[in-house]
DNA sequence: CGGTATCCGAGATGATACTG
DNA sequence: CAGTATCATCTCGGATACCG
């Protein structure tokens, strides 16, 4: 494909970016994703690990489950156990996550060097 | 460097991601960036191009200028002209932008295929 | 043209308490 | 344990009008 910078291609970029933002918006979704990328966790473990309130975690997990980014599995033990895991579709966000992570690290280094 | 998934590395990832999110948060910043990546634009041009209100554009531009992602240049013509451009530092977000864009395009294709 | 001031409603987020 | 309900607060973001 030819590399162009027409008004149309720029508008298409914006649409694509907006689409992605709709899926990963919110303060916690990417943090949840990167945490679950390491290994599946239970509700309370996520609360402790990320430092999010149960209310927000519940909401964001529901959003992400609707978008098929994560799966929710209930184990009928007692007490009940619920495990959240990243899905194959969720894993496709890995490259995005990696770049955001890399940028954050470089940026932090940059700020530290400048101070 | 060895690839590990310790609790510490995961926490570091989260910190990096949060750092990045603080810089690119908001509904419009990434859209502004990807638009300015093509070429510098003036205030009103950005309003028209992106479809953002002047109020929000003004706010986001100020944030981004503080974070050195964009530059603001005033031309003393009459009437006055102000041009916004992406900085070298802003360009370092290009890889993030690209991945977000790619994912958005794939995701849109995926949804269209499934319907 | 390039913004800013003001107002307002909607949604995000947190704290706390509570349920099955 | 795995959430939900409720309340309070704060911010986001749009509409509109206005200024230099």
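Chains as they are written, first to last, in UniProt numbering: chain A, 1 to 115; chain B, 1 to 115.
We treat Cβ as the ideally placed atom computed from N, Cα and C, and that holds for glycine.
Where residue i falls, given that 16 or more other Cβ within 10 Å makes a residue buried
| i | result |
| --- | --- |
| residue 84/B | buried |
| residue 78/B | exposed |
| residue 73/B | exposed |
| residue 60/A | buried |
| residue 8/B | exposed |
| residue 90/B | buried |
| residue 110/A | exposed |
| residue 64/B | buried |
| residue 27/B | exposed |
| residue 80/B | exposed |
| residue 114/B | exposed |
| residue 39/A | exposed |
DSSP state of residue i mapped onto helix, strand, coil
| i | result |
| --- | --- |
| residue 52/A | coil |
| residue 31/B | helix |
| residue 80/A | coil |
| residue 41/A | strand |
| residue 73/A | strand |
For residue j and residue i, believed in contact at Cβ under 8 Å, the rounded distance
| i | j | result |
| --- | --- | --- |
| residue 53/B | residue 70/B | Contact flag wrong, Cβ pair sits at about 18 Å. |
| residue 101/B | residue 106/A | Actually they do not touch by this definition, with Cβ atoms about 20 Å apart. |
| residue 104/B | residue 11/A | Contact flag wrong, Cβ pair sits at about 13 Å. |
| residue 43/B | residue 31/B | That pair is no contact at about 15 Å. |
| residue 97/B | residue 34/B | 5 Å |
Own chain, CB closer than 6 Å to residue i, minus 5 neighbours either side, in chain order
| i | result |
| --- | --- |
| residue 37/B | 86 |
Contacting residues, own chain, Cβ-Cβ under 8 Å from residue i (five flanking each side not counted)
| i | result |
| --- | --- |
| residue 49/A | 35, 41 |
Cβ neighbours of residue i in the same chain (closer than 7 Å, five flanking residues each side left out)
| i | result |
| --- | --- |
| residue 68/A | 87, 89 |
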